[in-house]
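Q: Using UniProt numbering, you'd call the opening residue of the sequence shown number 1 and step up by one each time. We treat Cβ as the ideally placed atom computed from N, Cα and C, and that holds for glycine.
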Amino acid sequence: MSGPPEGAFSLVPILQPMLIAQLIPMFFVGIVVAETCTYFRSFLGKDRWPLVSFVSFLAACQLVWFGLSTYAFYDWTVTHWGDAAHLVKITPEALWSGLMISLITTGVQCFFARRVWLLSGREPVLPLLIVAISLATFAIGLYEIHGWYSFDLELASIDKLKKPSLALLFLSCIDDLLITFAIAFYLRRAASTPEGPFLMGPLVKRIIIRTAETNALTSLVLILGVVSNYVKPMKPYSFILQGLSPELYFLSALVSLNARNSFRRRRRRTTYEFQSAAASASAGNGHPAHGASNATGQTGKTFHIRRLRSLKKQLSGTSVTEGIQVTTDIDHAVDQNSSYEHATPSHLPHQNALSIELQPMHGLAA
1 MSGPPEGAFS LVPILQPMLI AQLIPMFFVG IVVAETCTYF RSFLGKDRWP
51 LVSFVSFLAA CQLVWFGLST YAFYDWTVTH WGDAAHLVKI TPEALWSGLM
101 ISLITTGVQC FFARRVWLLS GREPVLPLLI VAISLATFAI GLYEIHGWYS
151 FDLELASIDK LKKPSLALLF LSCIDDLLIT FAIAFYLRRA ASTPEGPFLM
201 GPLVKRIIIR TAETNALTSL VLILGVVSNY VKPMKPYSFI LQGLSPELYF
251 LSALVSLNAR NSFRRRRRRT TYEFQSAAAS ASAGNGHPAH GASNATGQTG
301 KTFHIRRLRS LKKQLSGTSV TEGIQVTTDI DHAVDQNSSY EHATPSHLPH
351 QNALSIELQP MHGLAA
């Protein structure tokens, strides 16, 4: 075993947070695998191949990052344990895991940029700005990797690469804030009522889905990362915050995609309610088959007009998570002198009481 070179022990404050950062993927691999399996089990064969390929690519990057981080941690703590001459250099595995982080970050930010594009009515300016900033951060990440090799992977040169590292973190933070505020704004604008499709369900589920949809948690973590790097750089928690961001990126995309299951269940449940209300309205309208009196028919008709209008409010608008464009014959049925003859189940589509069209997912989910 070679003796410790000069200045080796001064790198201990750097090695500690870097080792902690390599451990982070190990804690999240179970959650990532579970969410990935849920996506493929639910949507493989339903989503178009570009979206499936995109999720597969992110999952592959995540697994490669996990493998590189695990190997780097093992190399530092087992293979070269106590070898100070080896510890003064960053391992190539730890360095190239940064490339996987950049790929995941850029991919998910472009995913959310397309979502902003769809929500904004296909206005190109803000999505292009998000993509441009994301590509700039990816380029800075490649420059940082090149810088490490130009300094022969010496950990002592970390101060020389501090500026590109902070620039990368700062630009990622700006990009995520743009995504968060843009999606939150367009979601609010798209929701016709507080009881719209996006805000239904238990409170905890709504909070989780809202956080994933708007990329808010990743934005908060990156803000804390920027602050911690300026206040107390090279501390363990600053590396932990930076290491958390790619995990949160991928999980945000997966949770956002997998949340479509709950909206589909809600859609089926509301469709059933609509069919029941339409059938009852038909009975209340005095159809001979039901033998209802005029007074009872008028009362039932008034009640079911309100019920159908309430269902229309719940289903109107666009669900960002699933890309559902709802079209309905309720207005036609209500406006025809409040006649519900057009709203009977025989006049509605065979599969659904509402004509619900899933918008094509060209590349990424809406």
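Which residue marks the beginning of the alpha helix (DSSP H) containing Arg122, and which one marks its end?
A: Residue mapping note: residue 122 aligns to position 122 of the sequence shown, counting from 1. Counting along the chain, Arg122 falls outside any alpha helix (DSSP H), and DSSP gives it neither H nor E.
Q: Any idea which residues DSSP pairs Lys89 with across the strands?
A: The count along the sequence shown starts at 1 and reaches residue 89 at position 89. DSSP, once it has assigned bridges, lists Glu154 as partnering Lys89.
Q: Between which two residues does the alpha helix (DSSP H) harbouring Ala59 extend?
A: What you label residue 59 is simply residue 59 of the sequence shown in a count that begins at 1. Here the alpha helix (DSSP H) through Ala59 covers Trp49 to Tyr74.
Q: Three-state secondary structure (DSSP) at His146?
A: Reading the sequence shown from its first residue, position 146 is the one you call residue 146. Note: His146 maps to helix in three-state DSSP.
Q: Apart from the five residues just before and just after Ala59, which ones in its own chain have a Cβ nearer than 7 Å to its Cβ?
A: In the sequence shown, counting from the first residue as 1, residue 59 sits at position 59. Once the five neighbours on either side are set aside, the close Cβ partners of Ala59 are Thr36.
Q: Would you please state the rounded distance, in angstroms, between the beta carbons of Ile240 and Ile20? I believe it to be under 8 Å.
A: If you number the sequence shown from 1, residue 240 lands on position 240. If you number the sequence shown from 1, residue 20 lands on position 20. Contact holds; Cβ gap of about 6 Å.
Q: Could you check whether the stretch 110–117 touches the stretch 62–78, counting it as contact only if at least three pairs of C-beta atoms, one from each stretch, sit closer than 8 Å?
A: Short answer: they don't touch.
Q: What do you reckon, are the CB atoms on Leu166 and Asn229 nearer than 7 Å?
A: Indexing the sequence shown from 1 puts residue 166 at position 166. Indexing the sequence shown from 1 puts residue 229 at position 229. Cβ atoms of Leu166 and Asn229: closer than 7 Å.
Q: With a threshold of 8 Å on Cβ separation, who are the neighbours of Ile24 within its own chain once the five nearest residues in sequence on each side are excluded?
A: Position 24 of the sequence shown, counted from the start, is the residue given in the question as residue 24. Within the same chain, Ile24 has close Cβ partners Ser69, Ile240, Gly243, Leu244 and Glu247.
Q: Just the C-alpha distance for Asp75 and Val64, rounded to the nearest angstrom, thanks.
A: Residue mapping note: residue 75 aligns to position 75 of the sequence shown, counting from 1. Residue mapping note: residue 64 aligns to position 64 of the sequence shown, counting from 1. Each residue's alpha carbon lies about 16 Å from the other.
Q: In chain order, what residues of the same chain lie with their CB nearer than 7 Å to the CB of Leu254, ignoring the 5 residues before and after it?
A: What you label residue 254 is simply residue 254 of the sequence shown in a count that begins at 1. Answer for Leu254: Glu35, Thr36 and Tyr39, listed in chain order.
Q: According to the Cβ coordinates, are Phe111 and Ile179 closer than 7 Å?
A: Within the sequence shown, residue 111 is the residue found at index 111, counting from 1. Within the sequence shown, residue 179 is the residue found at index 179, counting from 1. No, they are not a contact pair.
Q: Whole angstroms are fine: how far does the CA of Leu126 sit from the CA of Ile31?
A: Taking the first residue of the sequence shown as position 1, residue 31 is located at position 31. Taking the first residue of the sequence shown as position 1, residue 126 is located at position 126. Near 32 Å, if we compare the C-alpha coordinates of Leu126 and Ile31.
Q: Can you check which of these residues, Lys89, Thr91, Phe138 and Val78, is closest to Ile104 by C-alpha distance?
A: For this step, residue 104 is matched to residue 104 along the sequence shown. Per the Cα distances, Phe138.
Q: Near Leu161, which residues of its chain fall below 8 Å by C-beta distance, leaving aside the five closest residues on each side in sequence?
A: Along the sequence shown, one-based indexing puts residue 161 at 161. The residues are Glu144, Gly147, Trp148 and Phe151.
Q: If you draw a straight line from the alpha carbon of Lys46 to that of Ala136, how long is it in whole angstroms?
A: Numbered from its first residue, the sequence shown carries residue 46 at position 46. Numbered from its first residue, the sequence shown carries residue 136 at position 136. So the two alpha carbons sit approximately 33 Å from each other.
Q: Report the option in Gly225, Leu15 and Tyr186 whose CA atom is closest to the CA atom of Gly121.
A: Along the sequence shown, read from residue 1 onward, the residue named residue 121 stands at position 121. Cα-wise, what sits closest to Gly121 is Tyr186.
Q: Go ahead and pull the three-state DSSP assignment for Gly82.
A: Within the sequence shown, numbered from 1, the residue matching residue 82 stands at position 82. In the structure shown, Gly82 sits in coil (DSSP, three-state: anything other than H, G, I, E or B).
Q: Take Gly98 as the anchor and find which of Leu171, Arg188, Leu217 and Cys61 has the nearest alpha-carbon.
A: As a working note, residue 98 is residue 98 in the sequence shown. That would be Cys61, whose Cα lies nearest to the Cα of Gly98.
Q: Quick one: what does DSSP say Asn215 is sitting in, helix, strand or coil?
A: Indexing the sequence shown from 1 puts residue 215 at position 215. Asn215 falls in the coil class under three-state DSSP.
Q: When you compare each of Ile183, Gln22 and Arg189 to Ile101 by their alpha carbons, which one comes out closest?
A: Along the sequence shown, read from residue 1 onward, the residue named residue 101 stands at position 101. Nearest C-alpha to Ile101: Gln22.
Q: Under three-state DSSP, which class holds Ala259?
A: Here residue 259 corresponds to residue number 259 of the sequence shown, with the count starting at 1. Of the three classes helix, strand and coil, the one that applies to Ala259 here is coil, per DSSP.
Q: Find the nearest neighbour of Asn258 within the set Leu87, Leu15, Ser53 and Ser42, judged by alpha-carbon distance.
A: The residue given as residue 258 occupies position 258 in the sequence shown. Checked all of Leu87, Leu15, Ser53 and Ser42; the closest Cα to Asn258 is Ser42.
Q: Which value, in whole angstroms, describes the spacing of the CA atoms of Ile174 and Ile183?
A: In the sequence shown, the residue the question calls residue 174 occupies position 174. In the sequence shown, the residue the question calls residue 183 occupies position 183. If you take the alpha carbons of Ile174 and Ile183, they lie about 14 Å apart.
Q: Which residue's Cα is closest to the Cα of Ile130: Ile140, Ser172, Lys89 and Leu217?
A: The residue labelled residue 130 in the question sits at position 130 within the sequence shown. Of Ile140, Ser172, Lys89 and Leu217, the residue nearest in Cα terms is Ser172.
Q: Counting only the same chain and skipping the five closest in sequence on each side, list residues whose C-beta sits under 6 Å from that of Met18.
A: By 1-based counting over the sequence shown, the position of residue 18 is 18. Counting only Cβ-Cβ distances below 6 Å, and skipping sequence neighbours, we find nothing.
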